[in-house]
Each structure stands twice: as structure tokens, then as C-alpha cells.
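In full-length UniProt numbering, the protein residues as written are 1 to 253.
What follows is the structure in C-alpha cells.
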């Protein structure tokens, strides 16, 4: 009979991470996947094993990815979700879209939720989670939410911009504690109508939705800010990733 060495670290569950994609351009002639190192650092620090998932239109490939991961992290990026995805049409203020990325991430997210696999959406990933669960978006906060403050900070994104109020009893409170938390802010869209069985778990002082979570899955959480960029400045931020990794480990027991 073999025994684990005393103090051995727990198993690192595989966390699939969706990258961004850049087309070829004069200074970079080959298309490239891109991922901020902070996402991988946050997953590693939280005890997970980060695996980057290249895009595919093949649903059998999506299922194969899901067979090999225990949790899904859908990242943000400088693009908008096409309004057709939530039954709307483009209005003034709408930004560029990345249709192949959104299609891939939607398929992955739907597949993960069908398996009740833990899902974390960051910034645009939170917006996609709301849309996949049947919700809608404000296409441009400044044009569509009267009295809203600026949500695209100009200063260092490792530094916070504004507070959010975390709802007591939420998954987010389990990850970060209840009450106020200072967060960064890099978005111009936000949740409008929440999806089916989705609750708001954090709001900004101007009422903009800053976090959502599903009540019908074990862990389907979205945050509008970038906690991975504040691992060193607001260390409690890693709690979001720690809870993802914990739930992923439990998912594959």
C-alpha cells in the first residue's frame, strides 16, 4: 500500500482558458492567439493547471476539450458580443465583434454548463455568460444608462477604479467576502436584463451590474472587472480563481 508524501499539494485540476485572436497585419504576418499572462498566473496561483483552448468550429472538438478539463475560464477582450446573440440590433456606440471567437466560446460555455462544469467569465466572459443564459446587454453604458460613471479607466489597470457592493450569501461573497471591494474597470458594455435564474451578486455605486451568478448550476460566475490584474495590488482578488479551482477539483472527484 502506497501513501502520499506528507504535505503533498492537492491535485491541480485542468482549467481551460479561451484566448483572444489577432489577424495577420504588416508587422505580424501570421495570425496569432493571445492571452494575458495574468490569467494563467491567477489559475496557477489558485492551484489549477491552465490549458489554452484554440478555436474550433467542430463541436466534437469542443466536446473533446470539455472531456479534458474540469473548469472553464472565458476571458475578456477589446470586442463586443454581436447583438443578434441576444435578440437585438446594433446601435450607436456598439464596438467591433469577433464572430468566430464568440461562437466558439458560446459552444464551450453551453457544453460546460450542460455538464454542470464550473464556469468563470471575466469582463466580456461575464457578458457572454449572461447572454448564454438568456439575458441581454447595454451596448454602450455612456449612451444607455443615465447617470452612469466612467467604466473605462485610463490609469494603470493593476490599480482599482471604483468600489462594488458584494451581495451577502452569494458565491462571490464566498470567494471575496461580503461588503465593499475596490475593483478595476475596463468595459463599455454591461448586463441589462439578467438571464434565466441569474442573480446579480455585485453592483457599482451607479447601479451598473458588476457580477452575476447562476442559481441553477454548481458554479457559473461572472465578474465585470479583471481580478487577475490585481493579484498584487488587491491580493484578495485571487479568491475568485481559488473558488473556481476548488469547484473544478470537486467536479472531477
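A virtual CB, placed ideally from N, CA and C, is assigned to each residue, including glycine.
Legend entry - residue 46 - DSSP class collapsed to helix/strand/coil: coil
Inset, instruction - Return the chain-ordered list of same chain residues with a C-beta closer than 8 Å to the C-beta of residue 97, the five sequence neighbours on each side being excluded. - result: 79, 80, 81 and 82.
Inset, instruction - Grab me the residues of residue 90's own chain with a C-beta within less than 6 Å of its C-beta, minus the 5 sequence neighbours each way, in chain order. - result: 83
Inset, instruction - Please check the pair residue 66 and residue 115, which I expect to be a contact at CB under 8 Å, by giving their CB distance rounded to whole angstroms. - result: 6 Å
Inset, instruction - Could you pull out every residue in the same chain whose Cβ sits closer than 7 Å to the Cβ of residue 2, ignoring the five residues on either side in sequence? - result: Here residue 2 scores only 47 on pLDDT, less than 50, and its place in the model is too uncertain to base an answer on.
Inset, instruction - Please confirm if the stretch 150–167 is in contact with the stretch 227–238, defined as three or more CB-CB distances below 8 Å between the two stretches. - result: yes
Legend entry - Whole-angstrom C-beta distance between residue 42 and residue 228, which should lie under 8 Å: 4 Å
Inset, instruction - Count the other CB atoms, across all protein chains shown, that sit within 10 Å of the CB of residue 54; report buried if there are 16 or more and exposed otherwise. - result: exposed
Inset, instruction - Would you grab the beta carbon distance between residue 122 and residue 75 for me? Rounded to a whole angstrom, and I think it's under 8 Å. - result: 5 Å
Inset, instruction - With DSSP collapsed to three states, give me the class of residue 59. - result: Secondary structure of residue 59 (DSSP, three-state): helix.
Legend entry - Buried or exposed (CB count within 10 angstroms, at least 16 for buried), residue 139: buried
Legend entry - Completely contained beta strand (DSSP E) runs for the stretch 175–226, where each covers 3 or more residues: 179–183, 198–203, 209–214 and 220–223
Legend entry - According to DSSP, residues forming a beta bridge with residue 22: 32
Inset, instruction - Please go through the same chain and pick out, in chain order, the residues whose beta-carbon is closer than 8 Å to the beta-carbon of residue 39, but skip the five residues on each side of it. - result: If you ignore the 5 residues before and after residue 39, its C-beta comes within less than 8 Å of the C-beta of 17, 50, 73, 75, 122 and 228, all in its own chain and listed in chain order.
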